[in-house]
Each structure stands twice: as structure tokens, then as C-alpha cells.
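> Just passing along the structure, written as C-alpha cells.
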Amino acid sequence: MFPQFGSTSETLSKASSVMFRIGTDAHLYDDPDDVNIAPLLDSRFDSEKFEALKRLLALIAQGVDVSNFFPQVVKNVASQSLEVKKLVYLYLLHYAEKRPNEALLSINCFQKDLSDTNPLVRAWALRAMAGIRLHVIAPLVLVAVSKCARDPSVYVRKCAANALPKLYDLHQEENASSLEEIVGILLSDHSPGVVGAAAAAFSSVCPNNLSMIGRNFRRLCETVPDVEEWGQIVLIGILLRYVVARHGLVKESIMFNSHDSHISNSEKDGAAVHVASNGDAAERGDGDYEFNLTTLLSRCYIEGPDEYLSRSSYMGRDTSGFDRVSSTSSKYCDDVKLLLQCTAPLLWSHNSAVVLAAAGVHWIMAPRDEVKRIVKPLLFLLRSFNASKYVVLCNIQVFAKAMPSLFASHFEDFFVCSSDSYQIKALKLDILSTIATDSSIPFIFQEFQDYIRDTDRRFVGDTVAAIGLCAQRLPTVANTCLEGLLALTMQESLTCNLSSMDGQADVLAQAIMSIKAIIKQDPISHEKAIIQLARSLDSIKVPAARAMIVWMIGEYNSVGQIIPRILGIILQYLARCFTSEALETKNQILSTTVKVVLYGQGEDSLTYKRVLSYVLQLAKYDSDYDIRDRARVLESLLSCYITSQGLEDGTLCTPKITDLQRMLVKSVFGGKTKSISPTPNNFRFFLPGSLSQIVLHAAPGYEPLPKPCSLPYEELGQHELNLQGKKTVGEGTANSDSFDTNGADTLSGSEESGSDYSSRDSVTSSDESEETGSASEVDEADPLIQLSDVGILYDRVKDSSEKSNPTPFSDDLGGLMSKGALESWLDDQPRFSEPSSSKQSSLQPSLARLSIRDIGARVEPRTYSLLDPTNGNGLKVDYSFSSEISSISPALVCVEVSFENCSTAPLEAITLTDEESNRSPDSTTQALQAYGSSSTSNEVPSVVAVEEIASLQPGQITKRIFQVHFHHHLLPLSLTICCNGKQLPVKLRPDIGYFVKPLPVDIETFLKKESQLPGMFEYSRRCIFKDHIMELNSEKEHSSLMKDNLLLVCRSLASKVLSNASFFLVSADMPVSANLDDASGLCLRFSCEILSNLIPCLITITVEGKCSEQLNVSVKVNCEETIFGLNLLNRVVAFLS
């Protein structure tokens, strides 16, 4: 504009951009190939390192690969500068998966930073460790998360909660119970920020363990308003699921009230509860329609729409109903009242997702007369952005269908705005047609008249459909709607041009469809409308509209007095136009002509038959094969009606049709058709506020509500009552009362099957060591468990812990009590109730040694599937781990593999080889071997070759013992099964329980070694054991004799452990108690040593609880190998759970 000043708009914009860049890091993006980064990373000054790291992150943001700087960045992880340390953590998170070897070098620094005094450093270190997605450091990350979950800093505990889903995504099934325990700790946190993150972790790690929510339900409800917004959404969903599973549905709510009012009628009639269309609703009445819809709504919320609709379709009727046992009352249930009270303020949250979540709780659990409180908050959300408005309208649409009176008085809020998108307009029209009443329909029709003049013809078509729905719901306005639709049809037929039929054709077809639905309600009173449509056939050119008019003529051919008189003229007109009609219109002309011939009344029957014969002749030579086939079928069925001789003579032919022909004709064209429409997508209901409700199918991760009252009542303080007076034990069980761990086995999903093993090496060695004087006196009639008083043993071990024991293996687990001594001990039982004796027992409890003799016969090794017959061409391969020790190398694990021919032909040349024998291990495998507990030589083969199976006949089973070398005790080994010249790849999954061998020791040696491995070499976890309950029930059913429950519990625990790991049973002790059902204090000790380095591992299992209930089991492992001990602990907890 002013060139004399030398400035233009371009130079001004450049100058302004330069001014805005002053004081920022935007200059880092100017030179992406800066060569000065490497010297800066090696500088002594933190400022230069900080500048270099910022340049690296800027290059990463631009998509440049800067992984070549990884070694230089890793060595700066020990920097004392917080700025440098934070940027190093960000860089490591980005490239940890690409450079696993170098990333593992920084683990020690991360562990050191976890003990830093600055909470930010501790949080950054934990976040970095959780972001390095390597299986080998998963146990270390688990320990770090467990430590940070009890950190005094709120921010660190929140980072620990955020790290749990990342750790769970590594498929740490064996650590599932440990992760659940950490989630329970974080859920009991008093900080709202931690609770929100813990709720997200709960949804990822253990969403079905709702018993964990019960202990903290009241405090979680009170914390909901203070949690961050996105945490509120997750927490509200968890609390809703718990209330439904714990107490069931509310009797006064819409989910239960409608069903309760109609349950008696449904039981008497036995009628099916089907999804009905809106047209059928008008015939039955709005009450029945609302009942069916709310019943469908509640079932879809509980079962899921796919499962419920498929079940109701093939069962013919709904057989499963909600009874009063699975329901509660909001007036008397404190949990329901508390949940509704705490979520009520969230209805006015600034976050629309929070409002929807709170509205969903009140929609499902609130009484019917209190559901109206969700109306105004939802209507307020309609003033937000279009994206939020669409989501809210999708949920309002469901609410309005189930309870139209809820939004009936607010119909003006759903009037369409000019700025609305088409999707929002369609939703508003559907809602308006649903909530319309006799008082509001005039205002709605006035609004619809403006919509019809809109330029968007698709929106006009939806408006016409809405008018038809209003007419079906409100019969009082049906005539008014019909007149308006007929006038619109005439107008559209005149303006509709064949050259531009897209928008106009949709409107005209929709208008005819709405008229058709209105006429169906009362055809006799709408005879003039049918005649008017028949007269407009000349002007209507849209094929879909013409087809529907022709259908109405054939369907109502005998309605009134005028239609039968003009049928001949209409049929002749349709016959003349047949060749120029569209496919759908031709089909309707054929059907209409047949209907008129069969059921038409009047004197023109001969004309009807001539028209039928003429139309069939035209259809037989039509260009479309469907029309030709239909014509031939009709000609065969109606051959007597269209006999050529009868038509030429002008005489009627007496129909000589067989019973089969008459049956076929009546089944195809007889009677009046009933519209049985399939269930539309709009009836696929999902939980309010979920993504599935928007996309109308189950999105990934969607879970319906749990079944009502599926969570049993839990006495949260039962352990405190049972263990009153035992302070230390009570504190230990308070935090893990009902951690219901369902740890999945990582080996396979196959069922447990028996094996030919009758005992284990551990049991064999135990039996051999017990063949001394006392053991030789025991015959086969001895009981399963024998008792010996070992109360003084612990003091003796403590006194002699410093002395060396030249004989670590004992000949027996302890001296056996004689029968007289046992009887005298039992006679002294009542004296424990005396004050003096109780004091003495509290100071030094009397222990009983349980010597299990025949446990070897009860041990059944677990069998896993290696190859399925469907994938192995009839070859079934199973495997189980053996306790045998390899004579070749201590790194080899013995596996018994069973080959079975399930086919009808013999199988030949069966071998099992290593798939990766010729490949060099990659960097990840090297890292795993470096950090694995079993450091082995590379010369050890993965599979020791054995002789191949030359031939395997059908039904034959052959077993082989393979010696396998696993590269790591957590990762599967890739193998190849060769059969009939084909190679079948399989995965052999390791079991860390067989990376050890039994270590026979006596109790004194065990306790002495245990005292030498405290602190960092001791790891413990808790779990729930309930396998003994089934055995107790079976004993009660099959035997009338009274059994000792304690013996069964001890036997069940020991056999469970020895069936899943190669351990040696050292002892089974328990304190003497007057309560025979009390298993508290039962202690089983096992010992083993690692195959690769012969380092001993000591396992101690302690039981708390009653024999007839679920037992709280505490598992402790003492081992010098940290990672191996943690993984072994997780494995033991997994199979015990």
C-alpha cells in the first residue's frame, strides 16, 4: 500500500512471526540436521546437555530417527539436573522398544531414582520403567509399582496407578493377583486424584472383581464429586456395576417397575415378548408397547442386545424374568441411596460425558418418579457443540422411546435449528415423533410444515416419515395427517422430474409409505384414500411409490363398494404398462393380479383371468430372470384358472385343483399379510453414555451390566471376628480380606488331565528318607496324617542356628506320637479354655506336625495341549513337565510329550525339532539371557534329539521324554513337529515350577536357611484358595462318616503344589486349637533348588480361615535370585488361586 516506506504485508507477517518466536524454543525446528548434538551430549555442563536433548526431542517431533544417539543419552540418566533427567526419560520411552539392550542398562538408575527425595524424580522413574515394554523387567516394574503405591506423595501414587494398565498389557497373567492387590490398595487411598487413576486401573486389570469395591464403596461414593472429570466417568460406571451385582435392580425403577406390573399377565398367557414396531404399538396400546420396550431395554443392559435378541429369537419366548429376589428398594437400600445422592450433583457438571454417566445411573437405579431430574441437565447439554449434541440426542432418543412422558412437556427443545447437521435433525425428528401428545401435536405439525419446505430433500423425507409415526401413535390426528400426506403426494408427483429424481423420489416414496401405514390401521374408513392413490398412478413415476400403491390395491381389493368396481380398469391399465415398469413394480403387478383373481368380488372375474393370463405371458418373456421364474411358478400353481379353452369359449372353468395346490395357493396368497419386520438397529440398546450406543454395535471393551444379585454377600469383618485376640494376624488379613484372584494360567487353556505318573521325585525321595525305624512300624492301615508335638522345635532351631549341621537330610520329619500320647493330648483339650493355660499358649503355642504319607498317589501332573488334532491333521500332541533331572546339562528341563493318532490313517515320521536352531538370537533374546536367572551356555541345544516315531497307528498313543532348553523361564520356545513330511509350528510354554528340582531337607535346616535369607531375599503375596471346598462337598455326599476337614485341606494344598511344581515337602505344621473347623495357622513348607546354579529356594505357605470357607493363603519365597524368586512366587500364587 505504501511502497515508499519499503514494507509489504509479507514482510510484516514475517516480522510478526519473528517477534512471537522470541523467548521460545521454536528455533529448534529450523535446523533439523544439527551436527552439534553429539558434542553437547558429552559436555560437562548441564545447560548444554539440556539444549542437546531439546534438539533431539524437536527432531523426534518432526519424525526424524535419532536412535543413533541412544548410548550417549543413556549415560546422562544419572544426571543430577531435573531438567536433563526429565528429557532423558522422555527419550528413553520413545526408543526403549527399538534398543532393548541399551534400555536395560538404565534400569539400575531407575531403581535408584525410585528412592530419590524428590517425588517428581520418583514419579518420572516409575513412568519410564513402566514404559519400557520388556517382559524381562516386568517383575522389577511390579516391585517398583508396589513400592510407589505406598509412597507418601500423591503424585507418585497416581503414577503407580497409571502404570498398572501398562504392566497388565504385557500379558502378566501370573501377576494378575498381585496387580489386583495393588489396585485394592490404591482404591483405598484418601486422595481423589489417586482414586480416579485407580478406577481406570481397576477397569483394565480386574473389572469383574467387584468384591474389591464393596470394602470401599461408601468412601468411593463420597469421593466421586472430588475426582477429576475423566476419572468420575470410570468410577461411576464401576459403582453402578457393583450396586447391580450386589443388590440388583430397583423395584421402583423403570427397569423393574414395568416388568413387575405385567409379570402376572405374561405368566398366564405365556406370550412371547417380541420387539414391536410403532404401528403394532398403536393396535395394542401404548402401555403394552412401553412394557415390551422397557423389558427389552433392561434385558439388553444386563445380557447385551446380541445375546438377548438371539436367545429370544430361537426360544420363541422370553423365559428368564427378573424376580423379586434379584431386586431391591431404593427406600431401604443404603448403597443405592448413597450412589444416587453422590451422583446427583454431577448432573450439572461442565463435562458432558460426566453428565451422561450420572444420568445413566439415575436412569437405571432411580425410582420412576425421580428419573425426571435428568431431563433439564440433558437438555442443557443441547446448547453445546454439535459433536456433544449428537451423543446426547442418541441417549435421549433411547430414554424417550422407553418413557415418552419424560420429555413430552419439553418438545420445543427438540425443534430443528438451521445450523444443525443432518444427523442431529434426524434425531430430533425421531424424538419429536416419539414424545408427541394430543396437546403438543398441533405445535409440532406447525413446525413440520416449515420443515417440508426445506431445500434438503432428505430432511424433508424424514419429516414425512415423522408425520406418519405421529399418526400411528395418535389415532385422533390420523385423518389430518392422511389428508396432508395425500396433498403432498399430489404436489410431489407433479413436480417430480425423471431427470432429477433423487431427492424428490425419496420424499414421494416416503409419503406413500406413511400413507400405507396409516391405511393399514383402518382400511375400511380410508377407502377414498386408496381410490385417490389409484387414480394418481398416471402422474406418479417413482418405481417404489408405484409398487406400494399397486400392493395396496391388491391387498384391499375387497374393501368397500367402489374398489371392487374399478379393479378391472386398474388391472387393464397395469397390464398395458407392465413392460415399461421397473422390477419391483412388475413383481407387485403379478402379485396383485393373482390376489384379485383369487379373492376379487364382482362380475368381472373373466376379465381378471384374461388379464392374469396376459400378464403371465408377458412376464414369461421378460428380460429379468426373476420375473420369468416367478411367472412360471404362478402359471403352474394357477393352471386351472387360466385354461386357454375356457378363456376362448367365454365360459368359466371349474377349478380342478388338488389339495396340495390349494394349500400352496392359500399359503402364498391367502389371507391378509401382517408386517413382521425384523428388529431394527434402533432397538439395539446399550448402556447410556457408551460408545456402543452411538455406533449401535458392541464396541471393543464394552461389557453389559452384571447379572442382578450375582455378587454374594460378604462379611467384611469375619476374619477380625474369628481372629480376635490375634493382633498381628488380624492386621495381616484386614487389607486382603477378599482379594478374589482369578489368576489365569499362562501355559495353556486346556483342561487338567491325568497322567501315568503315580508319584513325583520329591515325594519319592521323601518316602525313601522316611524308611527308618518309626516309619517301618506304620502299615497300610495307618491314617493319612499323623501328629507329633513340635512346639519346642522352633526354640531349638533358634539356639542351634549358629552351629553347623553335618547331616542336612533327616530320616523323618519328626517323632511320631504314640496312640496313648495322642489320646492324652486330646483329653487335655478342654483345659485350653482356662486362663492360665490360655496365657501359656499365647506365649508359646503348641504345634502339631502333620506327616503326609500317601500324598504321592494323589499328585497328578497337569497336562497341556501342544497341538490340536484339527490343526495337526489328526495328530494330537500333549505335554506335561517331569521332575526328572537331565543327565546332559542342568539347563535342560524334562518334558513328557504324548503323541496320539486321532485320524483313521497311520501317521509316519513324527519328530519334534527346534524351529530356531539355525537362527542367531536377536538382541532381545540376548538381553533376556543376560537378565535371566538360568544363565546357560549357547552350546546347549534347544531340544535334545530323540529317536523319531516311525509309525503311529489310528488310536495309538506313544510317549517320549524330551529334554528342552528354554532361553528364559517366561518366554515360550518355538518348535516344529514333523509328520508325514509336513512341518507344524508349535509353541512350548515354560513352567517356572520345573526350572527347579526337589531339595530334601529337614525342618531344622529349613528354618536355619530361612533365617539367613531375610529382607531383600524374601518375597510374599496373598491369595484365595478354594479348591478344597469341592472336595469337602464330595466327601459329605459320598460318605456318611465324619471326616477331618483339616486333613482334607492339608492334603488339597499339598497335592495342588506338588502337581504344579517340582518341590520337596518339608513339613506341614499347625497350632493346636479347640475349633476343629479352624485352619488358621496351618503352615506347609517346601524346598527346591534352581537347576542352573543350584541356589536353594524356600517356599512357606500359611493358611488363615475356616476349613469350610475360602482360605486366605500367604505365600512366602526366600531365594537369593531376585527375579527368579519373584517369578516363582507369582507362579505359585497363580495356580493356588
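Residue 64 in full-length UniProt numbering is what sits at position 64 of the sequence shown, and the numbering runs on without skipping anything.
The C-beta atom is built at its ideal place from N, Cα and C for all residues, glycine as well.
In angstroms, rounded to a whole number, what distance separates the CA positions of residue 351 and residue 506?
Position 351 of the sequence shown, counted from the start, is the residue given in the question as residue 351. Position 506 of the sequence shown, counted from the start, is the residue given in the question as residue 506. Each residue's alpha carbon lies about 39 Å from the other.
> Can you tell me whether DSSP reads residue 832 as helix, strand or coil?
Counting from one through the sequence shown, the residue named residue 832 turns up at place 832. Its pLDDT being 35, under 50, residue 832 is placed unreliably by the model, and the measurement read from it follows with that caveat. Residue 832: helix per DSSP, three-state reduction.
> Return the Cβ separation of residue 536 and residue 593 in integer angstroms, given the expectation that the two are a contact with Cβ distance under 8 Å.
To locate residue 536, count along the sequence shown from 1; it is residue 536. To locate residue 593, count along the sequence shown from 1; it is residue 593. Their Cβ separation, rounded to whole angstroms, is 20 Å, which puts residue 536 and residue 593 out of contact at 8 Å.
> How close, in whole Å, do the beta carbons of residue 1084 and residue 1101 come, if the pair is a contact with beta carbons under 8 Å?
Working through the sequence shown from its first residue, we reach residue 1084 at position 1084. Working through the sequence shown from its first residue, we reach residue 1101 at position 1101. With a Cβ gap of about 5 Å, residue 1084 and residue 1101 count as contacting.
> From what residue to what residue does the alpha helix (DSSP H) around residue 1138 run?
This structure leaves residue 1138 out entirely; the chain is present only between 1 and 1137.
> Can you find at least 3 beta carbon pairs, one from the stretch 873-881 and one from the stretch 890-902, that sit closer than 8 Å?
The stretch 873-881, when compared against the stretch 890-902, does touch it at the 8 Å Cβ threshold.
> How big is the Cα-Cα spacing for residue 359 and residue 392?
The residue given as residue 359 occupies position 359 in the sequence shown. The residue given as residue 392 occupies position 392 in the sequence shown. About 11 Å.
> Does the stretch 190-205 come close enough to the stretch 160-169 to have 3 or more Cβ pairs within less than 8 Å?
Yes, the stretch 190-205 touches the stretch 160-169.
> Have a look at residue 363 and residue 1016 and give me their C-alpha separation to the nearest angstrom.
For this step, residue 363 is matched to residue 363 along the sequence shown. For this step, residue 1016 is matched to residue 1016 along the sequence shown. Taking the straight line joining both Cα atoms gives about 52 Å.
> In chain order, what residues of the same chain lie with their CB nearer than 8 Å to the CB of residue 780, ignoring the 5 residues before and after it?
What you label residue 780 is simply residue 780 of the sequence shown in a count that begins at 1. Note that residue 780 scores 40 on pLDDT, short of 50, meaning its location in the model is unreliable; the coordinates nonetheless yield the value given after this. Correct list: empty, nothing qualifies.
> In terms of residue numbering, what span does the alpha helix (DSSP H) encompassing residue 691 cover?
Translated into the one-based positions of the sequence shown, residue 691 becomes position 691. Residues 691-695.
> Specify, as a first and last residue, the run of the alpha helix (DSSP H) that residue 397 falls within.
The residue labelled residue 397 in the question sits at position 397 within the sequence shown. 386-402 is the span of the alpha helix (DSSP H), which, as asked, contains residue 397.
> Please name the residue in 1137, 631, 253 and 334 whose C-alpha comes closest to that of residue 295.
As a position in the sequence shown, residue 295 is number 295, starting the count at 1. For the residues 1137, 631, 253 and 334, the minimum Cα distance to residue 295 belongs to 253.
> Rounding to the nearest angstrom, what Cα-Cα distance links residue 1069 and residue 1081 in this structure?
As a working note, residue 1069 is residue 1069 in the sequence shown. As a working note, residue 1081 is residue 1081 in the sequence shown. So the alpha carbons of these two residues sit roughly 8 Å apart.
> Report all residues from its chain with a CB closer than 6 Å to the CB of residue 415; omit the five preceding and five following residues, and keep chain order.
On the sequence shown, position 415 is the one that residue 415 refers to. Within the same chain, residue 415 has close Cβ partners 447.
> Quick one: give me the first and last residue of the alpha helix (DSSP H) that residue 584 is part of.
Against the sequence shown, residue 584 aligns to sequence position 584. Residue 584 -> alpha helix (DSSP H) spans 583-599.
> Flag this pair as yes or no: are the beta carbons of residue 194 and residue 147 separated by less than 8 Å?
Translated into the one-based positions of the sequence shown, residue 194 becomes position 194. Translated into the one-based positions of the sequence shown, residue 147 becomes position 147. No; because the gap between Cβ atoms is not below 8 Å, this pair is not in contact.
> Taking residue 1110 as the reference, give the member of 1120, 337, 1126 and 1078 with the closest Cα.
As a working note, residue 1110 is residue 1110 in the sequence shown. Per the Cα distances, 1078.
> Residue 144 and residue 114 look like a contact to me (Cβ under 8 Å); what is the Cβ gap, rounded to whole Å?
Numbered from 1 along the sequence shown, position 144 holds the residue referred to as residue 144. Numbered from 1 along the sequence shown, position 114 holds the residue referred to as residue 114. That belief holds up - the Cβ atoms of residue 144 and residue 114 are roughly 6 Å apart, short of 8 Å.
> Ignore the nearest five residues each way along the sequence and tell me which others in residue 1130's own chain have a CB closer than 7 Å to its CB.
Counted from its first residue, the sequence shown places residue 1130 at position 1130. The answer, listed in chain order, is 174, 175 and 178.
> I believe residue 1055 touches residue 893 by the beta-carbon criterion, under 8 Å. Please report the beta-carbon distance rounded to the nearest angstrom.
Walking along the sequence shown from the start, residue 1055 turns up at place 1055. Walking along the sequence shown from the start, residue 893 turns up at place 893. At roughly 22 Å, the Cβ-Cβ gap does not stay under 8 Å, so residue 1055 and residue 893 are not in contact.
> How far does the alpha helix (DSSP H) with residue 443 in it extend, from its first residue to its last?
Counted from its first residue, the sequence shown places residue 443 at position 443. Note, residue 443: alpha helix (DSSP H), 441-452.
> Considering only the alpha carbon of each residue, which of 1136, 1122 and 44 lies closest to residue 141?
Taking the sequence shown and counting its residues from 1, the one referred to as residue 141 is at position 141. Measuring from the Cα of residue 141, the nearest candidate turns out to be 1122.
> In three-state terms, what does DSSP make of residue 1101?
Numbered from 1 along the sequence shown, position 1101 holds the residue referred to as residue 1101. If DSSP states are grouped into helix, strand and coil, residue 1101 belongs with the strands.
> Select from 908, 973 and 73 the residue whose C-alpha is nearest the C-alpha of residue 948.
Working through the sequence shown from its first residue, we reach residue 948 at position 948. Among 908, 973 and 73, the Cα nearest to that of residue 948 is on 908.
> Decide yes or no for the touch test of the stretch 949-968 against the stretch 1019-1035: beta carbon pairs closer than 8 Å, at least 3 of them.
No, they do not touch.
> Look up residue 864 in the DSSP assignment and say whether it is helix, strand or coil.
As a first step, residue 864 is located in the sequence shown; it is residue number 864 there, counting from the start. Reduced to three states, the DSSP call for residue 864 is strand.
> List, from N- to C-terminal side, the beta strand (DSSP E) runs of 3 residues or more that fit wholly inside the stretch 1101-1126.
Taking only runs of at least 3 residues, the beta strand (DSSP E) segments lying wholly in the stretch 1101-1126 are 1111-1119.
> If you reduce the DSSP assignment to three classes, tell me which class residue 614 lands in.
Position 614 of the sequence shown, counted from the start, is the residue given in the question as residue 614. Helix, per DSSP.
> Take every Cβ of the stretch 403-423, pair it with every Cβ of the stretch 694-701, and state whether three or more of those distances are shorter than 8 Å.
Too few Cβ pairs lie closer than 8 Å, so no.
> Do you know offhand how far residue 1031's Cα is from residue 705's?
Position 1031 of the sequence shown holds residue 1031. Position 705 of the sequence shown holds residue 705. If I take the Cα positions, the gap works out to 32 Å.
> Throw me the rounded Cβ distance for the residue 550 and residue 588 pair, which I believe falls under 8 Å.
On the sequence shown, residue 550 is found 550 positions in, with the first residue counted as 1. On the sequence shown, residue 588 is found 588 positions in, with the first residue counted as 1. Correct: roughly 4 Å between the Cβ atoms.
> Could you give the DSSP three-state label for residue 709: helix, strand or coil?
Here the question's residue 709 lines up with position 709 in the sequence shown. DSSP places residue 709 in coil when its eight states are reduced to three.
> Under the assumption that residue 73 contacts residue 91 (Cβ atoms under 8 Å), give the Cβ distance between them as a whole number of angstroms.
For the purposes of this step, residue 73 is identified with residue 73 of the sequence shown, where counting begins at 1. For the purposes of this step, residue 91 is identified with residue 91 of the sequence shown, where counting begins at 1. About 5 Å separates the two Cβ atoms, so the contact holds.
> Need the endpoints of the beta strand (DSSP E) that residue 1006 sits in, please.
On the sequence shown, position 1006 is the one that residue 1006 refers to. Where residue 1006 is concerned, there is no enclosing beta strand (DSSP E), although the alpha helix (DSSP H) it sits in stretches over 1003-1011.
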